[in-house]
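Chains as they are written, first to last, in the working numbering: chain C, 1 to 463; chain S, 1 to 462. Each residue gets a CB set at the ideal place from its N, CA and C atoms; glycine is no exception. The structure appears below as structure tokens.
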Amino acid sequence: MLLDLAEKAIRLAMNLGVEYADVRAEQVHSTSIRLTNDRFEQAVSGTDQGLGVRALYKGAWGFSSTSSLDIKDIQAVVKATFKMAKATSKGVKEKAKIRSVKPVKDHVKVKTHQPLNEIGIDKKMKQVLGFSKTTRDYSPKIVSANLMYEDSAGQKAIASSDGATILTNIGRVYVAINAVAKEAQKLTSTRERLGKIGGFELFNEVNGDEIMKKAAKRAVDLLKAKPAPSGRFTVVADPRLAGVFAHEAVGHACEADSIIARESILAGKIGKVVGSKLVSILDDSTVVGGWGSLKYDDEGVATKKRVLIERGVLKGYITNKEAAAKLKMNPNGGARAENFSYPPIVRMSNTYIARGDHSFKELLEDVDHGVYLKASRGGQVDTAKGTFQFNAEEAYSIDKGEITTPLLDVSLSGITLETLHNIDAVGNDFELHMGFCGKGQTVPVGDASPHIRIRNALVGGRA
Amino acid sequence: MLSLLEYAVKKAEKQGASQAEAYFNGADRLRTSIEKKQVKISEKKTDAGIGIRVAVKKTGGYSIGFAYLTNLTKKAADDGVKQALKVASFKKPDPDFKSFQEHRPAKTVKKIYDKRVAKIEPEKIVDLAADLVKAAATDKRITTIGGMLGLGTVKTAIVNSLGVSGEFERTGYGAFGYAVAQEKGSVGVGGDSFTDCFFNEEDAFTVFKNARDLSIRQLNPKTVKTQKMDLLLQPEALAFLLAFTLIPEVRADNIQKRQSPFVGKIGQMVASENLTVIDDGSIPQATGSKPFDDEGCPTQTTAIINKGRLQSFLYNSYTAKKDNVTSTGNAARTLGAFTEKPKYAVEPIIGPTNFQLCAGKKAAEDKFDDVVSEVKNGIIAKEVIGAHTANAASGEFSVVLDTAFKVEKGEIAYPVKQAMLGGNILDALKNVTLFADDLKQVGLEQTLISPTILIKDVIVSG
């Protein structure tokens, strides 16, 4: 039924004379639970439904969406899209074009033993309550355990005027824990996540309680941390922080929309050396088990593995149909929308730094005086200036090749291109992590990396 | 809409709820985006839904359940009621829950609805956007102009078992612009924004011209040495920083959960005597104003910090009853700052309306130039990056100062490349000394109203 509605909307749009249109129609049941110290702050389920139409008319884009799946409202939304595109066309100087791909017809299923919409919200609440107890029981110093559970299950139809008709089953579940520890007047806080594309079987496959204990342990250990110094140091970044760097500093700068807008320091640099030979960075939507994995993007294009930087040389960008036409490249499946109520834009999927050949011990060996940074509380980047900043969750001094004093509230900032050149060692380990990326719309992404070492990095502390 | 809400409340009562509440939020939004010096896309979105809350009496208290629907039919409402009751049946009774919001006489808030907004044609906005680009592109160093213009009409309605029944409409208008300037290998970025309940073209032009000027002024920046200096924070920087520090820290729910550095500090001096902080949901034409909050409690003026002394927290009905006070009308259906989820899909917690920073003891603001002239060695920042990484429980934060300029001998001297500010919000509040006269509201819905403020003696690392 969703696919019928989507195809119908495409036909209606084409009848109005648009050059191109794509549609997403969704019906998704989702559950959202927030638990703080065994108290349910939120325990909500509901069905989100709706349809969004994007169309190109005279080289100009229009978009409209509705939370109704009634045929009358869909007709109205197609008309509104046309009206929006027509209005836009009055202000467009450089006309947008799209590069089409071979049409795809497919039904993508989600592998799951326990579909999320068949599990009652009470069972989900019980699972979260159990995680809270595990976290709080770890130590009397844990003063707070904040848990978040989110799932969604349903279907999404994608149709485009250049021939894509794809029905995708949706099944996605994750839990995030924020553990807070306290001693004297000192408070520390850590985060961990677990999740999968699939169903409720996640909780049989992954030992969630161990992950809760890990968060609690790190929060308690952080209580011993001291304020950090500020200045330039050699930094060893763990896979989580290095993964965030790959995503924030490099991935965003490789999004073709920012390349075209010349808001990226990597614009016009294909084939040029942008970093140390040790650095290869990829964005790969096909990673098995990747939180950012998807078979087709929201323009109905089959996704793939994209090499962004290979041994220090910039190789490619993440593109959608419009950027591909403009840059004379191929669409590589980088168009994603948060849901039906947003037009698809260029996004990452799973972004990672490829494995190197240093052991962790070797990474530390040459560091006389440095900082070991672990995990991230998030980060931001200015792709036009090529600057970034992230706050590490954990940090330690490195003295004469050994990890020593734990440090509190340390941030890493820098200039992306300098930093890429200053990476002088890449580890032989590798970890895949889940995250969310905001760019006006929030989408699930994966990031990954080995440990990396950065010389002469700017570290901000409070000491 | 009230009739479907009444239906849902009655249905829930019949199915075993002691009390029920149904909340409707429906929005129509028009938006035109600018990218690369031209209009990129125009969008129109319609979204509406109902959130249903039930309270079920058990031994030891009430259990609360919640569910939402976007298919606005009686049948979907029946299912929503069933789901909400299922959640309530699982939850342990909460001895602190007494009841939903009681009926209180509603008041009206002036100038929150601009009847022109719903009628403005997209062509008019596209034309305006094209003119804004022209106005910002007057300097040949400007390589990129981007931004957006947005208009929205939001209807809110609420009904509960205690006699609350009301609805209102509000409009919002926002303009955001940024520019990138390039000159001899140097890149400067500048941005500005404006929000109001009323549509107005003139302020959009100011936004884009400011973005242009700032991006040019940001060219050829220098680094600063790590040192103690004075800090001038402009309203945009404050809005982002406070959204993740002071604002969550004065929410009564976070206080009751003991996740705030302000726990137990009512009546104490927590800030400089020059600082007064007020939340006021009734300011005419302010974007955070509304006649009643997201539980149907009339909004009010609440003094949070008065001349440095902590006076009150922000309450919804639940936290107010727990502390034996009355709600301050700050129930907000939000998951926190900058997380977007439709309001009908979220249970009410607490949020600001118009969160205002005002001069305290000194009572009056000073001219902007006079405030700058007070600074012998300092930095002025329009934006901060990374405030969402702050630790609201402890008050610690670490941010990058963006669109920043060095201030020397009372004058803005040169643009600053990359500077970091770390510290605790408590220390920062104690060092607030002066307020400029450049009052601005930032945000739509949860709004900060503040001028540029001077914070003495902070450590800025270069």
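| request: Give the DSSP-derived three-state secondary structure of residue 332/C in the structure shown. | output: Indexing the first sequence from 1 puts residue 332/C at position 332. Note: residue 332/C maps to coil in three-state DSSP.
- Query: Going by DSSP, what residues sit across from residue 437/C in a beta bridge?
  - Reply: Position 437 of the first sequence, counted from the start, is the residue given in the question as residue 437/C. DSSP lists 443/C as the bridge partner or partners of residue 437/C.
Note to self: Taking the straight line between their C-alpha atoms, what separation do you get for residue 221/C and residue 208/C?
What the structure shows: Stepping through the first sequence from its first residue, residue 221/C is reached at position 221. Stepping through the first sequence from its first residue, residue 208/C is reached at position 208. Those two C-alpha atoms are separated by around 20 Å.
Q) Any heavy atom of the ligand FAD within a distance shorter than 8 Å of the CB on residue 190/C? A) Of ligands this structure carries none, so the ligand FAD is not represented either.
* To do: Write down the C-beta distance between residue 244/C and residue 390/C rounded to the nearest angstrom, noting that I regard them as a contact closer than 8 Å.
  => Position 244 of the first sequence, counting from 1, holds the residue named residue 244/C. Position 390 of the first sequence, counting from 1, holds the residue named residue 390/C. Rounded, the Cβ-Cβ distance is 6 Å, consistent with contact.
| said: Suppose contacts are defined by Cβ-Cβ distances below 9 Å. Is residue 116/C in contact with residue 74/C by that definition? | reply: For the purposes of this step, residue 116/C is taken as the residue at position 116 of the first sequence. For the purposes of this step, residue 74/C is taken as the residue at position 74 of the first sequence. No, Cβ-Cβ distance for residue 116/C and residue 74/C is not below 9 Å.
Who are residue 175/S's beta bridge partners in DSSP?
Residue 175/S sits at position 175 when you count from the first residue of the second sequence. Residue pairing by DSSP puts residue 175/S in a beta bridge opposite 149/S and 194/S.
Residue 410/C versus 418/S, 85/S, 317/S and 423/S, residue with shortest Cα-Cα distance
Walking along the first sequence from the start, residue 410/C turns up at place 410. For residue 410/C, the nearest C-alpha among the options comes from 423/S.
What residue from 73/S, 38/S and 62/S has the CA that sits closest to residue 50/S's CA? For the purposes of this step, residue 50/S is taken as residue 50 along the second sequence, with counting starting at 1. Of 73/S, 38/S and 62/S, the residue nearest in Cα terms is 73/S.
Exercise. Please decide whether residue 160/S counts as near chain C, where near means a Cβ-Cβ distance under 9 Å.
Key: As a first step, residue 160/S must be located in the second sequence, where it is residue number 160. Output row for residue 160/S: interface = no.
So with CB distances below 7 Å, who are the chain C contacts of residue 123/S?
Along the second sequence, read from residue 1 onward, the residue named residue 123/S stands at position 123. Going along chain C in sequence order, the residues near residue 123/S (Cβ under 7 Å) are 87 and 90.
| field | Run of the alpha helix (DSSP H) containing residue 210/S, from where it starts to where it stops | value | Walking along the second sequence from the start, residue 210/S turns up at place 210. Per DSSP, residue 210/S belongs to the alpha helix (DSSP H) from 201-217.
Counting Cβ pairs closer than 8 Å, one from the stretch 63-77 of chain C and one from the stretch 328-343 of chain C, do we hit at least three? yes
In whole angstroms, what separates the C-alpha of residue 366/S from that of residue 127/S? Counting from 1 along the second sequence, the entry for residue 366/S is found at position 366. Counting from 1 along the second sequence, the entry for residue 127/S is found at position 127. Cα to Cα, the separation comes out at about 38 Å.
Closest residue to residue 62/C among 63/S, 41/S and 45/S (Cα-Cα distance)
One-based indexing of the first sequence puts residue 62/C at position 62. Minimum Cα distance to residue 62/C is reached at 41/S.
The stretch 212-222 of chain S / the stretch 176-189 of chain S touching (three or more Cβ pairs under 8 Å): yes
Q: Could you tell me the boundaries of the beta strand (DSSP E) in which residue 158/C lies?
A: The residue you call residue 158/C lines up with position 158 of the first sequence. From DSSP, the beta strand (DSSP E) with residue 158/C extends over 142-160.
Between which residues of its own chain and residue 176/S is the CB-CB distance below 6 Å, once the five residues before and five after are set aside? Start at 1 with the first residue of the second sequence, and residue 176/S comes out as number 176. Here the set comprises 147, 148 and 193.
Three or more C-beta pairs below 8 Å linking the stretch 105-125 of chain S and the stretch 293-303 of chain S = yes
Next item on the list: Given a cut-off of 9 Å, decide if residue 353/C and residue 317/C are closer than it, judged by their beta-carbon atoms.
Entry: The residue you call residue 317/C lines up with position 317 of the first sequence. The residue you call residue 353/C lines up with position 353 of the first sequence. Going by C-beta atoms, residue 317/C is not nearer than 9 Å to residue 353/C.
How do the stretch 366-383 of chain S and the stretch 74-86 of chain S stand: do at least 3 beta-carbon pairs fall below 8 Å, yes or no?
-> Under the three-pair Cβ rule at 8 Å, the stretch 366-383 of chain S does not count as touching the stretch 74-86 of chain S.
- Should residue 434/C be flagged as near chain S, meaning a C-beta pair shorter than 9 Å? Along the first sequence, read from residue 1 onward, the residue named residue 434/C stands at position 434. Cβ-Cβ to chain S under 9 Å: no for residue 434/C.
Fill in: DSSP state of residue 109/S mapped onto helix, strand, coil
Within the second sequence, the letter at position 109 stands for residue 109/S. If DSSP states are grouped into helix, strand and coil, residue 109/S belongs with coil.
Whole-angstrom distance between residue 294/C and residue 443/C, CA atom to CA atom: On the first sequence, residue 443/C is found 443 positions in, with the first residue counted as 1. On the first sequence, residue 294/C is found 294 positions in, with the first residue counted as 1. Distance between the alpha carbons of residue 443/C and residue 294/C: 11 Å.
inquiry  = Please report whether the beta-carbon of residue 321/S lies at a distance below 9 Å from any beta-carbon of chain C.
reply    = Taking the second sequence and counting its residues from 1, one reaches residue 321/S at position 321. Not an interface residue.
Contact set between residue 204/C and chain S, taken where Cβ atoms lie within less than 7 Å | The sequence position of residue 204/C within the first sequence is 204, counting from 1. What residue 204/C touches in chain S: nothing, since even the nearest Cβ is about 21 Å away.
query: Contact check, residue 228/C vs residue 407/C under 8 Å by CB: the rounded distance?
result: Mapped onto the first sequence, residue 228/C falls at position 228. Mapped onto the first sequence, residue 407/C falls at position 407. Indeed, because the Cβ distance is near 4 Å, the residues count as touching under 8 Å.
#### Entry: C-beta atoms of residue 215/C and residue 191/C nearer than 9 Å
In the first sequence, counting from the first residue as 1, residue 215/C sits at position 215. In the first sequence, counting from the first residue as 1, residue 191/C sits at position 191. The answer is yes: Cβ separation under 9 Å.
Show which residues of chain S have a CB atom less than 9 Å away from the CB atom of residue 447/C. Here residue 447/C refers to the residue found at position 447 of the first sequence. Simply none; closest approach about 16 Å.
Just the Cα atoms here: how many angstroms apart are residue 277/S and residue 449/S?
-> Residue numbering aside, residue 277/S sits at position 277 when the second sequence is read from its first letter. Residue numbering aside, residue 449/S sits at position 449 when the second sequence is read from its first letter. When rounded, the distance between both Cα atoms is 10 Å.
| message | Please list, in chain order, the residues of the stretch 284-315 of chain C that have any C-beta partner in chain S closer than 9 Å. | response | none
For residue 254/C, does the three-state DSSP call read helix, strand or coil?
Looking up residue 254/C in the first sequence gives position 254. In the structure shown, residue 254/C sits in a helix (DSSP, three-state: H, G or I).
At least three beta-carbon pairs within less than 8 Å, the stretch 313-323 of chain S to the stretch 344-355 of chain S
yes
From residue 329/C to residue 283/C, what distance separates their C-alpha atoms? Reading the first sequence from its first residue, position 329 is the one you call residue 329/C. Reading the first sequence from its first residue, position 283 is the one you call residue 283/C. Residue 329/C and residue 283/C: Cα-Cα distance of roughly 16 Å.
Notebook entry, point to check: On the three-state DSSP scale, how would you describe residue 141/S?
Noted result: Sequence index remark: in the second sequence, residue 141/S carries index 141 (1-based). DSSP places residue 141/S in coil when its eight states are reduced to three.
I need the DSSP call for residue 455/C, collapsed to helix, strand or coil. Position 455 of the first sequence, counted from the first residue, corresponds to residue 455/C. Strand.
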